[in-house]
Amino acid sequence: MRHILLLGGTTEASALATALAERGERAVLSYAGRTEAPRAQAIPTRVGGFGGVEGLADHMHREGVTHLVDATHPFAARISANAIAAAELAGVPLLALTRPEWVEGPGDRWTRAANTGEAVTALDTEPTRVFLALGRQTIGDFTHAAQHFYLLRFVDAAEPTGFPNHRLVVDRGPFTLAGELALLREHRIQIVVAKNAGGSGARAKLDAARELGLPVVMVDRPFIPPRPQVGSVAAVLDWLDHGVVRGV
Numbered sequence: 604m605r606h607i608l609l610l611g612g613t614t615e616a617s618a619l620a621t622a623l624a625e626r627g628e629r630a631v632l633s634y635a636g637r638t639e640a641p642r643a644q645a646i647p648t649r650v651g652g653f654g655g656v657e658g659l660a661d662h663m664h665r666e667g668v669t670h671l672v673d674a675t676h677p678f679a680a681r682i683s684a685n686a687i688a689a690a691e692l693a694g695v696p697l698l699a700l701t702r703p704e705w706v707e708g709p710g711d712r713w714t715r716a717a718n719t720g721e722a723v724t725a726l727d728t729e730p731t732r733v734f735l736a737l738g739r740q741t742i743g744d745f746t747h748a749a750q751h752f753y754l755l756r757f758v759d760a761a762e763p764t765g766f767p768n769h770r771l772v773v774d775r776g777p778f779t780l781a782g783e784l785a786l787l788r789e790h791r792i793q794i795v796v797a798k799n800a801g802g803s804g805a806r807a808k809l810d811a812a813r814e815l816g817l818p819v820v821m822v823d824r825p826f827i828p829p830r831p832q833v834g835s836v837a838a839v840l841d842w843l844d845h846g847v848v849r850g851v
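Per the working numbering, the sequence shown starts with residue 604, numbered consecutively.
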């Protein structure tokens with residue numbers, strides 16, 4: 604019987620876990636451990652890292668993993684790179700389940716940034732009210748621009764350090780357009796900083812920014828080495844059944 608290791612932490616990973624459970628697959632969902640209270644899943648879970656490339660390869664050998672699916676966040680570049688190398692080292696086939704990127708449309712006012720450092724410099728030097736929609740792991744660069752007010756939103760209540768003028772909202776998506784409009788208006792936000800995570804669950808903040816005429820600084824996805832990838836749960840199941848990737 605095949606044994607699937609699913610690297611998760613995304614909505615897509617949860618949907619795939621449910622599909623695997625419904626099919627009676629032997630599968631484990633692995634979290635990196637950055638969220639204090641991850642959602643309950645339909646398959647067994649593990650939390651924590653593997654100890655790099657060799658650690659992940661050893662784990663797959665030890666547990667008899669036959670298929671590796673990377674459904675981590677598009678910005679989890681190190682985890683994804685390690686998965687590619689570990690799959691090759693262990694001789695285990697790998698497939699990535701990825702979200703399409705968001706694309707700027709009519710009415711959007713985007714400034715592209717290659718990384719969070721560039722996003723900081725894209726902000727006005729004068730004090731500005733910023734919705735910093737980046738997650739806790741990638742906000743450190745903005746402590747160097749402490750003149751701004753930052754609205755932060757995390758999935759848990761861990762307070763950030765280095766932000767003297769901020770408000771933390773604890774909430775978990777998916778978010779609605781009405782809710783995002785209310786949030787931006789309540790805090791008198793003047794600019795949104797977001798990373799191009801893609802997907803529908805976090806898209807509403809961009810639609811709200813467009814409706815309010817607000818500029819957006821969009822951080823591009825990091826480089827990840829080439830790998831087989833698809834864009835749907837159905838395509839992952841097809842790969843498991845037939846061993847080929849039929850489309851992204």
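Glycine included, every Cβ here is placed at the ideal spot set by N, Cα and C.
Expressed to the nearest angstrom, what Euclidean distance is found between the alpha-carbon atoms of E666 and H845? Each residue's Cα considered, the two are about 23 Å apart.
May I ask you to report which of helix, strand or coil DSSP gives L697? If DSSP states are grouped into helix, strand and coil, L697 belongs with the strands.
Quick one: which unbroken beta strand (DSSP E) runs of 3-plus residues sit fully inside the segment 748-818? Chain order, please. Here the runs fully enclosed are 752-757, 769-773 and 794-798.
Continuous alpha helix (DSSP H) assignments of at least 4 residues falling wholly in the segment 630-694: Runs found: 655-666 and 680-693.
Which listed residue (I687, I827 and P818) has its alpha carbon closest to that of W713: Between W713 and the set I687, I827 and P818, the nearest pair of CA atoms involves P818.
Buried or exposed: G765, going by 16 or more other Cβ atoms within 10 Å of its Cβ? Under this definition G765 is an exposed residue.
Looking at C-alpha atoms only, which residue of T731, L784 and L632 is the closest neighbour of A749? Looking at the Cα atoms, T731 is the closest of the given residues.
List, from N- to C-terminal side, the alpha helix (DSSP H) runs of 4 residues or more that fit wholly inside the segment 697-732. Whole alpha helix (DSSP H) segments, 4+ residues: 719-725.
DSSP state of A737 mapped onto helix, strand, coil: Per the sequence presented here, residue 737 reads as Leu, with Ala not at that position. L737 falls in the coil class under three-state DSSP.
With three or more C-beta pairs closer than 8 Å as the rule, is the segment 716-724 touching the segment 682-694? Contact between the segment 682-694 and the segment 716-724 is not established, with fewer than three Cβ pairs separated by less than 8 Å.
Any idea if A779 is buried or exposed, counting beta-carbon neighbours within 10 angstroms, 16 or more meaning buried? Correcting the residue identity first, residue 779 is Thr in this sequence and not Ala. Its Cβ having fewer than 16 others within 10 Å, T779 is exposed.
Less than 9 Å between the C-beta atoms of L700 and A686, yes or no? No, the pair does not count as a contact, with Cβ atoms beyond the cut-off.
Which term fits F826, buried or exposed, when burial requires 16 or more other beta carbons within 10 angstroms of its beta carbon? Under this definition F826 is an exposed residue.
When DSSP builds the beta bridges, which residues end up paired with I607? Paired residues: A630 and H670.
Stretch-stretch touch, CB-based, cutoff 8 Å, three pairs: the segment 612-624 with the segment 673-681: Three or more Cβ pairs closer than 8 Å define a contact, and the segment 612-624 meets that threshold against the segment 673-681.
Closer than 8 Å by C-beta to R649: which residues in its own chain qualify, once you throw out the five before and the five after it? Chain order, please. Within the same chain, R649 has close Cβ partners V631, L632, S633 and Y634.
Going along the chain, which residues of its own chain have a beta-carbon closer than 6 Å to the beta-carbon of R702, five neighbours each way excluded? Short of 6 Å from the beta carbon of R702, and not among the five residues preceding or following it, lie these beta carbons of its own chain, in chain order: G801 and G802.
Check this for me: beta carbons of R605 and L697, under 9 Å apart or not? Not in contact: R605 and L697 (Cβ atoms no closer than 9 Å).
Whole-angstrom Cβ separation of A760 and V773, contact assumed at under 8 Å? Contact flag correct, Cβ pair sits at about 5 Å.
Between I646 and E657, what straight-line distance do the alpha-carbon atoms span, to the nearest angstrom? Their backbone Cα atoms lie some 25 Å apart in a straight line.
Locate the alpha helix (DSSP H) running through T621, then write down its first and last residues. Per DSSP, T621 is one residue of the alpha helix (DSSP H) stretching across T614 to E625.
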